[in-house]
Every structure is written in C-alpha cells, then in structure tokens.
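Inspection log for the structure reproduced underneath, given as structure tokens.
Numbering (this note's numbering), first residue to last: 44 to 191.
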C-alpha cells in the first residue's frame, strides 16, 4: 500500500514539474520567437486585468455581493498580472533584450516599469495603474520594433 501511494505521489510530482516547464517559453533556446505576438498577449492580459478590476469594484459596491465571485475576480486579476510579469522577465529581459542593442537602457527601463505596474495592478483596483501599464507597453513596442 505504501509503495503504491509513493508511486502515485512520485508520478504526480513529475507531472507537475513537466507541466510547469512546458508552461513558460523555452530557454533552450529554441530560436522560435514571435515578439509581435508576445506584445499582443501582454495587451490581452492588460485588458483582462482591467476588466477584473472593474468587476471587483462593482462587486464591492454591493453589500450582499457573492464572495465567491469576488475572490474569483481577484484571483483572475492576480493571474493575468503574473502572466505579464512572466512574459516581460522570461521572454523579453532574458531572451530578447541584449546588452549591445541600441536603446538597451531605455528598453530595460520600460520593461522594469511594466513589472512595477503589473505589481501595482495586483495590489489595488486603481485603474490608473492599468492606464499607465498600457502606455508603457505602447512606448516599449514603439522603441523595440524601431530597432528592427
């Protein structure tokens, strides 16, 4: 019985590890990059964070709000802000932005600001953080694709 339980536990652990590794863009490097798509995905996450914030604000106004729905919207907001941070750090900062690139410091600064405003989006429901995040992504996109 203990052996079976141990095998199930070990199998579950390996499945978990494999699923986590498959989740992020590979760091082999595979050479498969679609920078435009990553920007679109970031923008989609921003829209989702914004919608989540608006729903949280609406739900909190109702004295008899559904706590389950409130928690789900909060978790959704957190998840999508985390996704933005993942793309910024694991894709752009570690794989795409190179030290010898033109405007390296400016690009790095904008990416850092994206991380900060994604964090601020997780901390509050202040929609000005979303507006600022959108603006920073637009600035980064213009600067990044200018290099090509």
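Beta carbons: idealized from backbone N, C-alpha and C, even for Gly. It should be emphasised that the depicted structure is a prediction, and the values quoted were computed from it without experimental measurement.
Check, Outcome
"Is it true that the CB of residue 155 sits closer than 7 Å to the CB of residue 127?", "no"
"Roughly how many angstroms separate the alpha carbons of residue 146 and residue 186, rounded to a whole number?", "8 Å"
"Should residue 66 go down as buried or exposed, given a rule of 16 or more other Cβ atoms within 10 Å for buried?", "Unreliable positioning characterises residue 66 in this predicted model, as indicated by a pLDDT of 42, which lies under 50. The coordinate reading is nonetheless provided below. Residue 66 should be labelled exposed."
"Select from 131, 149, 91, 79 the residue whose C-alpha is nearest the C-alpha of residue 170.", "91"
"Just the Cα atoms here: how many angstroms apart are residue 234 and residue 136?", "Any question about residue 234 goes unanswered here, given that the chain covers just 44 to 191."
"Can you look up residue 164 in the DSSP assignment and give me helix, strand or coil?", "helix"
"How would you call residue 130, buried or exposed, if buried means at least 16 neighbouring beta carbons within 10 angstroms?", "buried"
"Mind reading off the beta-carbon distance from residue 140 to residue 151? Whole number of angstroms is fine, and I expect it under 8 Å.", "6 Å"
"For the stretch 118 to 127 and the stretch 164 to 179, state whether three or more C-beta atom pairs, one from each stretch, are separated by less than 8 Å.", "yes"
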